[in-house]
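Student:
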Amino acid sequence: MNRRQFISTTAALAGATISTTCNRAMEAERGVRRIDRLGIQLYTVRDRMHDDVPGTLGDMAAIGYDEVEFAGYYGYAASDIRSMLTAEGLSSPSAHIDLLDLTDSLPQVLDAATAIGHDYIILPWLADNERMTLDDYRLLADQCNTIGEQCQRAGLQFAYHHHDFELAIVDGERPLDILLGSVDAALMKLEIDFFWCVKAGIDPLDLMQRYQGRVKLCHVKDMDSEGQMVNPGEGTIDFALLFAASSKAGIEHFFVEHDEPADPLSTAEIGFDHVTGLTYTEQ
2 MNRRQFISTT AALAGATIST TCNRAMEAER GVRRIDRLGI QLYTVRDRMH DDVPGTLGDM
62 AAIGYDEVEF AGYYGYAASD IRSMLTAEGL SSPSAHIDLL DLTDSLPQVL DAATAIGHDY
122 IILPWLADNE RMTLDDYRLL ADQCNTIGEQ CQRAGLQFAY HHHDFELAIV DGERPLDILL
182 GSVDAALMKL EIDFFWCVKA GIDPLDLMQR YQGRVKLCHV KDMDSEGQMV NPGEGTIDFA
242 LLFAASSKAG IEHFFVEHDE PADPLSTAEI GFDHVTGLTY TEQ
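Reading the sequence shown from the start, the letters are residues 2 to 284 in the numbering used here.
See below:
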């Protein structure tokens, strides 16, 4: 590229930036909103993370993501993870930690979370043998109160990520309601998963309203007309409608996710483009 081409290209980019900034300012004046900080749940790109953690984090930053949610550290020390995030200009407000680690290694979990800069520690999943009866959820609630107290003492917030099985009616009750109703709301928040809500036949807006102020994070996951998980924007879920109610619900963080993407990097790109392109008006 010669000097004239460089100047021309630079001017064009500057003009595009100014135009975008002006358009966003006009939208703000009209009350139109966009998701201005978007994250991705790194489970989406777990195969790439397994092969190259720093490179994958760099890929996510290059796409435009501001935040990442961890699902494992792939053998790296917390200090190394923090350095990788800093190098890419990323933050990681949350991490998924399984129940065994939360019960058997909580001090180490909390130390790592603090070193990395997490704000939330999230229980992401229950194995079949951990949720066989409603009483299992009541016993889990006792554990969650204890975990939540220790997280709070460490300056962190505990939260729970649901799937569809907690939303199914069992003996006239919904397991998620039992769990959340039995744990101090100050000690455990909720990470709502839009896909699993719809999969269970639940309107995410209803769950957001029922637990208003307690829903702090969300997974932006889409579903097609046949009930299959697809890339955000390729399914039937109206994310703009959900985002419009997100502030009132208390949601602070938004994470694109796909559990089994055919092309993880493409999914990350498609999800980012779709979500950041949506506009909405807060309810």
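All C-beta atoms, glycine included, are put in the ideal place defined by N, C-alpha and C.
Give every residue of the same chain whose Cβ lies closer than 8 angstroms to the Cβ of Phe-273, excluding the five residues on either side of it in the sequence, and list them in chain order.
Tutor: Once the five neighbours on either side are set aside, the close Cβ partners of Phe-273 are Leu-39, Ile-41, Ile-64, Gly-65, Tyr-66, Val-257.
Student: Might you give, ordered along the chain, the residues of its own chain that have their beta carbon closer than 6 angstroms to the beta carbon of Ser-92, omitting 5 neighbours on each side?
Tutor: So the qualifying residues of the chain are Glu-68.
Student: Less than 8 angstroms separating the beta-carbons of Glu-261 and Met-230?
Tutor: Yes, Cβ-Cβ distance for Glu-261 and Met-230 is below 8 angstroms.
Student: Which word fits Asn-130, buried or exposed, when buried means at least 16 other C-beta atoms lie within 10 angstroms of its C-beta?
Tutor: Per the 10 Å Cβ criterion, exposed.
Student: Taking the continuous beta strand (DSSP E) assigned at Ser-95, which residues delimit it?
Tutor: Unbroken beta strand (DSSP E) run through Ser-95: 92-97.
Student: So, are the CB atoms of Ile-123 and Ala-160 less than 8 angstroms apart?
Tutor: It is a contact, given that the beta carbons lie within the stated cut-off.
Student: At a cut of 8 angstroms, does the stretch 237-245 reach the stretch 85-102 through at least three beta carbon pairs?
Tutor: Contact fails: fewer than three Cβ-Cβ distances are below 8 angstroms.
Student: What is the rounded straight-line gap between the Cα of Gln-158 and the Cα of Glu-150?
Tutor: Distance between the alpha carbons of Gln-158 and Glu-150 is about 9 angstroms.
Student: Whose CA, out of Arg-34, Thr-45, Leu-135, Arg-35, lies closest to the CA of Pro-265?
Tutor: Closest option to Pro-265, Cα to Cα, is Thr-45.
Student: Considering only C-alpha positions, which residue in the set Asp-60, Leu-140, Ala-250 is nearest to Gln-210?
Tutor: Checking every option, the nearest Cα to that of Gln-210 belongs to Ala-250.
Student: Going straight from the alpha carbon of Arg-34 to that of Thr-277, what length do you get?
Tutor: One C-alpha to the other measures close to 10 angstroms.
Student: What's the C-alpha gap between Glu-283 and Gly-56?
Tutor: When rounded, the distance between both Cα atoms is 36 angstroms.
Student: Along the chain, where does the alpha helix (DSSP H) that runs through Val-184 open and close?
Tutor: That residue, Val-184, is in no alpha helix (DSSP H); it is neither H nor E in DSSP.
Student: Considering only residues of the same chain and omitting the five flanking positions on each side of His-162, which have a CB-CB separation below 6 angstroms?
Tutor: Here the set comprises Ile-123, Pro-125, Glu-192.
Student: Straight-line CA distance for Val-1 to Phe-195?
Tutor: No answer is possible for residue 1: the residues shown for the chain start at 2 and end at 284.
Student: Which whole-angstrom value is the C-beta distance of Asp-172 and Leu-140, which I expect to be below 8 angstroms?
Tutor: The pair is not a contact, with the Cβ atoms about 16 angstroms apart (cut-off 8 angstroms).
Student: Quick check: the Cα distance between Gly-76 and Thr-104, rounded to an integer number of angstroms?
Tutor: So the alpha carbons of these two residues sit roughly 20 angstroms apart.
Student: Helix, strand or coil for Asp-53, going by three-state DSSP, please let me know.
Tutor: Coil, per DSSP.
Student: Taking the C-alpha atoms as reference points, what is the distance between Ala-142 and Ala-186?
Tutor: For Ala-142 and Ala-186, the distance between alpha carbons rounds to 11 angstroms.
Student: Note the first and the last residue of the continuous alpha helix (DSSP H) segment covering Lys-217.
Tutor: Not the alpha helix (DSSP H): Lys-217 falls in the beta strand (DSSP E), residues 216-221.
Student: For the stretch 193-272, list the alpha helix (DSSP H) runs that are entirely contained and at least 4 residues long, ordered along the chain.
Tutor: Listed in chain order, the complete alpha helix (DSSP H) runs (minimum 4 residues) inside the stretch 193-272 are 195-200, 205-211, 240-245, 247-250.
Student: How many Å lie between Ala-169 and Thr-268 at the Cα?
Tutor: Straight-line Cα distance between these residues: approximately 29 angstroms.
Student: I'd like to confirm the pairing. Which residues does DSSP put opposite Thr-282 in its beta bridges?
Tutor: In the DSSP output, where bridge partners are listed per residue, Thr-282 has Val-33.
Student: Hey, how far is the Cα of His-164 from the Cα of Met-224?
Tutor: Rounded to whole angstroms, His-164 to Met-224 spans 14 angstroms at the Cα level.
Student: Just to confirm my understanding: we take Met-189, look at its own chain, exclude 5 residues before and 5 after, and list those with CB closer than 7 angstroms. What are they?
Tutor: Cys-145, Gly-149, Phe-159, Ala-160, Tyr-161.
Student: Just to confirm the assignment, what range does the alpha helix (DSSP H) spanning Glu-89 have?
Tutor: Residues 79-89.
Student: Which residue marks the beginning of the alpha helix (DSSP H) containing Leu-100, and which one marks its end?
Tutor: Segment 100-105, the alpha helix (DSSP H) holding Leu-100.
Student: Contact defined as beta carbons within less than 8 angstroms: I believe Ala-72 pairs with His-97. What is the distance between those atoms, to the nearest angstrom?
Tutor: About 5 angstroms; that satisfies the 8 angstroms criterion.
Student: Below 8 angstroms between beta carbons: does that hold for Val-221 and Pro-233?
Tutor: In contact: Val-221 and Pro-233 (Cβ atoms closer than 8 angstroms).
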